[in-house]
Amino acid sequence: MSEENNEKRTVRSTLNRKFGVSEATDRRNPRRDDDNRGERKSFGDRPSFRDERRGDRKFGDRPRRDGDRPFRGDRDDRRGGDRPFDRERRPRRFGDKPFGNRSERRGHDRDDRRPRREFAQAGAPIYRQRPEEQQTEAVEEVLDEAALEARVAQVESSEDVVSNPPWFKKLLALTTEKGREREGRFLGEGVHVVEELVKHHRELVSSVYMVEGFNDEALIEAINEAEIKISVLSEAQMKQLASTVTTQGIIAVARIASTKPVYESSRSVLTLVDAVQDPGNLGTLFRTSLGFGSDGMILGRGTVSPFNPKVVRGSSGTFLRVPFEFDVDLIDQINFLRSKGYTIIATDLHGKQSLREIPKHKLRKMAFLVGNEGAGTNPYFIELADETVKIPMSSDLESLNVSVAHGILSYEAAQIQDELK
Numbered sequence: 020m021s022e023e024n025n026e027k028r029t030v031r032s033t034l035n036r037k038f039g040v041s042e043a044t045d046r047r048n049p050r051r052d053d054d055n056r057g058e059r060k061s062f063g064d065r066p067s068f069r070d071e072r073r074g075d076r077k078f079g080d081r082p083r084r085d086g087d088r089p090f091r092g093d094r095d096d097r098r099g100g101d102r103p104f105d106r107e108r109r110p111r112r113f114g115d116k117p118f119g120n121r122s123e124r125r126g127h128d129r130d131d132r133r134p135r136r137e138f139a140q141a142g143a144p145i146y147r148q149r150p151e152e153q154q155t156e157a158v159e160e161v162l163d164e165a166a167l168e169a170r171v172a173q174v175e176s177s178e179d180v181v182s183n184p185p186w187f188k189k190l191l192a193l194t195t196e197k198g199r200e201r202e203g204r205f206l207g208e209g210v211h212v213v214e215e216l217v218k219h220h221r222e223l224v225s226s227v228y229m230v231e232g233f234n235d236e237a238l239i240e241a242i243n244e245a246e247i248k249i250s251v252l253s254e255a256q257m258k259q260l261a262s263t264v265t266t267q268g269i270i271a272v273a274r275i276a277s278t279k280p281v282y283e284s285s286r287s288v289l290t291l292v293d294a295v296q297d298p299g300n301l302g303t304l305f306r307t308s309l310g311f312g313s314d315g316m317i318l319g320r321g322t323v324s325p326f327n328p329k330v331v332r333g334s335s336g337t338f339l340r341v342p343f344e345f346d347v348d349l350i351d352q353i354n355f356l357r358s359k360g361y362t363i364i365a366t367d368l369h370g371k372q373s374l375r376e377i378p379k380h381k382l383r384k385m386a387f388l389v390g391n392e393g394a395g396t397n398p399y400f401i402e403l404a405d406e407t408v409k410i411p412m413s414s415d416l417e418s419l420n421v422s423v424a425h426g427i428l429s430y431e432a433a434q435i436q437d438e439l440k
């Protein structure tokens with residue numbers, strides 16, 4: 020009989036035990052269903068505020084309301100057992116150590132707050148830090164004509180005769196177009212330009228100015244052998260004379276002069292320049308003409324002066340070795356050249372032939388017509404031309420730079436001239 024009672028008691032306790040609670044736990048915490056036999060609570064139900072007695076609450080406890088999130092301890096009770104207070108499992112508060120004592124796992128004290136640098140030491144970038152400054156190559160800055168004229172006007176109005184004596188004011192005037200026309204002289208800046216002028220145009224160079232400490236002994240010796248006067252300038256004076264911010268410490272003063280082309284030759288290649296305004300482009304045209312044995316250049320009105328300091332620098336001073344005329348009416352010049360047996364050849368995007376497709380007898384004396392950087396050659400001049408040619412190139416590009424196109428034509432013209440000998 021006792022065995023039957025034991026079996027019934029076991030079955031009854033198993034059916035009445037909460038989910039997840041062992042039999043041992045159930046014996047330690049017996050359910051008090053006898054007190055509430057007429058009322059069965061569902062899993063997870065908690066007493067409401069009205070069921071709690073104020074005297075049972077401790078100081079600082081607030082009444083529990085339906086829907087409140089239970090504390091961890093409450094969840095432990097619901098799982099069916101009294102669990103010891105665990106500091107690591109209670110809710111974290113400000114100033115608490117992290118769960119699991121991470122500092123001990125790292126092998127050093129928590130108070131040692133050294134930053135982790137493994138990521139940076141591997142070569143990866145460190146974020147939220149100022150990036151290292153990249154060193155860029157210095158780009159030479161060129162002053163425009165308006166800036167040069169303003170600088171000259173400021174010096175001329177100065178009453179400081181110590182820093183700006185009268186001879187220096189006349190020298191500074193040569194940096195502008197008006198001053199060069201009035202004085203009939205121009206400036207050649209830089210080592211290569213001065214070397215070119217002294218070597219090939221000694222009769223035009225009147226003086227050379229350099230800063231104290233200029234140490235190109237070979238150039239100084241060449242200037243002395245040519246019996247050209249050398250004067251010393253301060254760094255400030257040299258910067259005022261130079262058309263660029265960065266100077267090479269030497270500058271030459273030369274007389275304006277040029278050699279006209281010989282138009283009566285049986286074979287000749289000339290270049291007609293229509294309103295090329297970029298000094299660098301014009302300087303390149305001079306160098307290309309000299310490199311491919313051109314017989315001269317005709318600079319039409321609207322073209323930058325060949326004695327502009329930037330043109331002189333762009334040609335490395337070689338522009339005086341190319342015969343040229345400047346400030347010329349191109350309409351009159353085209354008619355004049357045609358009378359001398361020249362074939363006027365213009366480059367045109369709509370041209371149908373290349374230079375070599377023109378009959379050979381027309382190429383013994385030819386004059387190329389090149390135009391402005393942006394607007395191109397004047398359409399009226401193209402109509403006056405005897406032939407129009409195109410430069411074969413990819414259809415992805417509409418046109419070439421004027422100095423590049425001139426270089427291609429000059430190369431082909433030099434080959435044709437060699438074949439005609």
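Oh and the sequence shown: position 213 is 232 in our numbering, straight run, nothing missing.
Even for Gly, the Cβ is constructed at its ideal location relative to N, Cα and C.
Asked, Found
"V230 and M257 closer than 8 Å at C-beta", "yes"
"Alpha-carbon to alpha-carbon, V389 and D348", "15 Å"
"Rounded distance between the beta-carbons of E215 and S335, thought under 8 Å", "6 Å"
"Straight-line gap, L252 to Y228 (C-alpha atoms, nearest Å)", "6 Å"
"Residues sharing a beta bridge with Y228, DSSP", "S250 and I270"
"Nearest-angstrom Cβ-Cβ length linking D293 and N397, presumed shorter than 8 Å", "6 Å"
"The stretch 357–365 / the stretch 317–335 touching (three or more Cβ pairs under 8 Å)", "no"
"Opposing strand residues paired with R204 [DSSP bridges]", "R274"
"Contacting residues, own chain, Cβ-Cβ under 8 Å from N420 (five flanking each side not counted)", "N300 and E392"
"In DSSP terms, what L388 is bridged to", "L291 and A365"
"G333 vs G302 beta-carbon contact at 8 Å", "yes"
"Between the CA atoms of N354 and R383 - distance to the nearest angstrom", "18 Å"
"Whole-number beta carbon distance between A386 and L416, since they are thought to touch under 8 Å", "At roughly 26 Å, the Cβ-Cβ gap does not stay under 8 Å, so L416 and A386 are not in contact."
"Every unbroken alpha helix (DSSP H) inside the stretch 156–193 [4 residues or more]", "164–175 and 185–192"
"Nearest to L318 (by Cα), restricted to the options F187, D351, L206 and K197", "D351"
"I269 versus V341 - alpha carbon distance", "24 Å"
"7 Å CB neighbourhood of A433 in its chain, flanking five on each side removed", "F311 and G312"
"For M412, the three-state DSSP class (helix, strand or coil)", "coil"
"C-alpha gap between A271 and E402, whole angstroms", "43 Å"
"Between the CA atoms of R306 and D235 - distance to the nearest angstrom", "25 Å"
"Contact under 8 Å by Cβ, Q259 with L206", "no"
"Three-state secondary structure (DSSP) of E417", "coil"
"Close-in-space but distant-in-sequence residues of the same chain around N55 (CB under 8 Å, 5 per side omitted)", "Low confidence applies to N55: its pLDDT is 47, below 50, so where it sits in the model is not reliable, and the reading given next is rough at best. There are no such residues."
"Beta bridge counterpart(s) of E402 as assigned by DSSP", "Its beta-bridge partners do not exist; DSSP assigns none."
"Which listed residue (T290, I377, L339 and Y399) has its alpha carbon closest to that of A424", "T290"
"Cβ separation of E244 and T195, assumed to be a contact under 8 Å, to the nearest whole Å", "Rounded, the Cβ-Cβ distance is 32 Å, inconsistent with contact."
"Proximity to T366 [Cα-Cα], best of I410, F343, F338 and P378", "I410"
"Sub-8 Å separation of V180 and G198 beta-carbons", "no"
"Beta-carbon spacing of L439, R286 below 8 Å", "yes"
"CB of F343 within 8 Å of CB of S277, strictly", "yes"
"8 Å Cβ cutoff met for L238 and V212", "no"
"Contact set for E175: own chain, Cβ-Cβ below 7 Å, skip 5 residues either direction", "K188"
"Backbone CA spacing between I145 and T265 [nearest angstrom]", "Confidence at I145 is low in this model, with a pLDDT of 45, below 50, so the placement of that residue should be treated as unreliable; the coordinate-derived value is given next. Approximately 37 Å between the Cα atoms of the pair."
"Cut-off 7 Å between Cβ atoms - residues of its own chain near D53, not counting five sequence neighbours on either side", "The predicted position of D53 is uncertain, since its pLDDT is 46 and thus under 50; a value taken from the coordinates is nonetheless stated next. Taken in chain order, the list of residues that qualify is empty."
"Nearest-angstrom Cα separation, counted from S373 out to I435", "13 Å"
"Assigned secondary structure, G395 (DSSP; H/G/I helix, E/B strand, else coil)", "strand"
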